[in-house]
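Chemist: I have a structure here, written as structure tokens, and I will follow up with some questions on it.
Number of protein chains: 2
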Amino acid sequence: MKLSEAKQQFISSWGAFGSHWGINRTMAQIHALLMISPDPITQDDIMEELTISRGNVNMNIRDLISWGLVDRVILSGERKEYFTAEKDIWKVATQIIKERKKRELDPMLKLLAQLEQIDGDKKNKEVKQFVETISSIKKLGSHADKMLDLMTKADENWFLAGLLKVFK
Amino acid sequence: MKLSEAKQQFISSWGAFGSHWGINRTMAQIHALLMISPDPITQDDIMEELTISRGNVNMNIRDLISWGLVDRVILSGERKEYFTAEKDIWKVATQIIKERKKRELDPMLKLLAQLEQIDGDKKNKEVKQFVETISSIKKLGSHADKMLDLMTKADENWFLAGLLKVFK
DNA sequence: ATTTATTTTCAATATATTTTGAAAATTCAA
DNA sequence: TTGAATTTTCAAAATATATTGAAAATAAAT
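For the protein sequence lines, the chains are R and B, in the order given. Going by my numbering, the first sequence opens with residue 359, and the numbers climb by one from there. Going by my numbering, the second sequence opens with residue 359, and the numbers climb by one from there.
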């Protein structure tokens, strides 16, 4: 397979993959393109490579920057802005985990804590099932929370070495 | 807070939460409703509780069944079908992980293995960055794959006990 | 200060996804 | 069988999301 073909395939499937995870397809594609680009590239390069509009590139790039996955780069002497992506995939993964934890898991756990305090007869079947469901989700959620916290603080080798100990 | 209010809040936010994870909002809401329902309920109950159409309920219920999260229940003497959800949240989580691994991670890893074999000068900067990106994603992916496999085979206590050892 | 290159915004448009609801199919009882 | 209850399907409509492109804003050079 030729590089150009492989590139296209990777960008396209990374986009599809991302869309299963609440990340918009184009954003994931831009991210893919930046990850495989050895040097920083411009908005125009991205527009051309993915055949999408300037506005689209601009918005998604800003989104990627807010996720901490892409950086603006100023090349001296150049007027245009350049962009580059974090290349260490472990850092990419922990960054995504950190952000999603903050944006989604944390608020959910906060809400569940509130919902646990409902008034009503604890003997009532409906009440009982509700409280049990909420508290078991909360419990699982906070385990996940702690685990993700530790994971994202550890570096890759440390984390995987640790896992090996558990998983024989 | 009253039960009815708490129920509404839980259903609504579980729906929003799900939609960040590629699960459609209504499907997640139906799932939430079933999890907090102590006894099996009918399509009509769901229609009424969530004020959505019969077709919508039917399609999403089937989807939930295909995910292994909901079961059809036939109550003897009753004509209508009843539905019930798995209540053990650890089982719910591992079931979701298993399915998503099968549907998303496995195909992605398979594709990456193909993309690694591109022809061209390995000294070329573009080729080098491409191959490095692909192989590092593949490596991380297969670590995740192994870990998820073990997680979903283990039971909750075993898994958490194991994690405790690693994470002090 | 004016021009020119570049980035950003956002209303309009296009695309994708979800939902409806009524018709068709199925299931069960009489 | 026939018919009533129930489930399923799916084209059309509604809704939500993504994309465009040109105008406004910003930044740099002259």
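We put the CB at the ideal spot given by N, CA and C, even for glycine.
Determine the chain R residues that contact B/F488 at a beta-carbon separation under 8 Å, and present them in chain order.
Modeler: Near B/F488 (Cβ distances below 8 Å), the residues of chain R are L361, A364, K365, F368, I394.
Chemist: Which of helix, strand or coil does DSSP assign to R/R430?
Modeler: DSSP places R/R430 in strand when its eight states are reduced to three.
Chemist: Check the C-beta distance from R/V361 over to B/F488 and give it rounded, since I have them as a contact under 8 Å.
Modeler: In the sequence as presented, Val is not what sits at residue 361 of chain R; that position holds Leu. Rounded, the Cβ-Cβ distance is 6 Å, consistent with contact.
Chemist: Please confirm whether R/H378 and B/G380 have their CB atoms less than 8 Å apart.
Modeler: Against a cut-off of 8 Å, the Cβ pair of B/G380 and R/H378 comes out as a contact.
Chemist: Is it a yes or a no for the segment 477–492 of chain R touching the segment 448–463 of chain R, going by three-plus beta-carbon pairs under 8 Å?
Modeler: The segment 477–492 of chain R vs the segment 448–463 of chain R: no contact.
Chemist: Out of B/Q472, B/K486, B/A471, state which residue places its alpha-carbon closest to the alpha-carbon of B/G478.
Modeler: B/G478 has its Cα closest to that of B/K486, out of B/Q472, B/K486, B/A471.
Chemist: Under 8 Å: do the segment 467–481 of chain R and the segment 428–439 of chain B share three or more Cβ pairs, one atom per stretch?
Modeler: No, because fewer than three Cβ pairs between the segment 467–481 of chain R and the segment 428–439 of chain B fall closer than 8 Å, the two stretches do not touch.
Chemist: Closer than 9 Å by beta-carbon distance: list the chain B residues that pair up with R/T491, in chain order.
Modeler: The contacting residues are F368, A390, M393, I394, K445, I447.
Chemist: Closer than 9 Å by beta-carbon distance: list the chain R residues that pair up with B/V485, in chain order.
Modeler: The answer, in chain order, is L361.
Chemist: At a CB-CB cut-off below 7 Å, which residues of chain R make contact with B/G380?
Modeler: Those within 7 Å of B/G380 in chain R are H378, W379, G380.
Chemist: Would you say R/D477 faces chain B, with C-beta separation under 8 Å as the test?
Modeler: Yes, contact with chain B.
Chemist: Are the segment 497–516 of chain B and the segment 445–457 of chain B in contact at 8 Å, needing three or more beta carbon pairs?
Modeler: Yes, since at least three Cβ pairs between the segment 497–516 of chain B and the segment 445–457 of chain B fall closer than 8 Å, the two stretches touch.
Chemist: Just curious, the alpha helix (DSSP H) that R/T409 is in, first and last residue?
Modeler: That residue, R/T409, is in no alpha helix (DSSP H); it is neither H nor E in DSSP.
Chemist: Just to confirm, is the Cβ distance from B/L470 to B/K496 under 8 Å?
Modeler: In contact: B/L470 and B/K496 (Cβ atoms closer than 8 Å).
Chemist: Pop quiz: B/M385 and B/N418 are said to be a contact at Cβ under 8 Å. What is the actual Cβ separation, rounded to whole angstroms?
Modeler: Between B/N418 and B/M385 the Cβ distance is about 4 Å, and since that is below 8 Å, they are a contact.
Chemist: For R/E439, does the three-state DSSP call read helix, strand or coil?
Modeler: Reduced to three states, the DSSP call for R/E439 is strand.
Chemist: Which value, in whole angstroms, describes the spacing of the CA atoms of B/Q475 and R/D446?
Modeler: Their backbone Cα atoms lie some 21 Å apart in a straight line.
Chemist: How is the alpha helix (DSSP H) around B/P465 delimited, first residue to last?
Modeler: First-last of the alpha helix (DSSP H) with B/P465: 464–474.
Chemist: Can you tell me which of the three DSSP states B/I423 falls into?
Modeler: B/I423: helix per DSSP, three-state reduction.
Chemist: Distance, Cα to Cα, R/P396 vs B/I399?
Modeler: So the alpha carbons of these two residues sit roughly 56 Å apart.
Chemist: Show which residues of chain R have a CB atom less than 7 Å away from the CB atom of B/I495.
Modeler: The contacting residues are I447.
Chemist: When the cut-off is 8 Å and only beta carbons count, does R/M385 lie next to chain B?
Modeler: False, the Cβ-Cβ gap to chain B never drops below 8 Å.
Chemist: Is there a Cβ of chain B sitting closer than 8 Å to that of R/A471, yes or no?
Modeler: No, its Cβ sits nowhere closer than 8 Å to a Cβ of chain B.
Chemist: Is B/I369 helix, strand or coil by DSSP?
Modeler: It is helical.
Chemist: Answer with buried or exposed for R/Q320, where buried requires no fewer than 16 other C-beta atoms within 10 angstroms of its C-beta.
Modeler: The structure shown does not extend to residue 320 of chain R, since chain R spans only 359 to 526, so no value can be given for it.
Chemist: How long is the line joining the alpha carbons of R/M466 and B/E484, rounded to whole angstroms?
Modeler: Going by the C-alpha atoms only, they are around 42 Å apart.
Chemist: How would you label R/W372, buried or exposed, when you count the other beta carbons within 10 angstroms and need 16 or more for buried?
Modeler: R/W372 is buried by the Cβ-count criterion.
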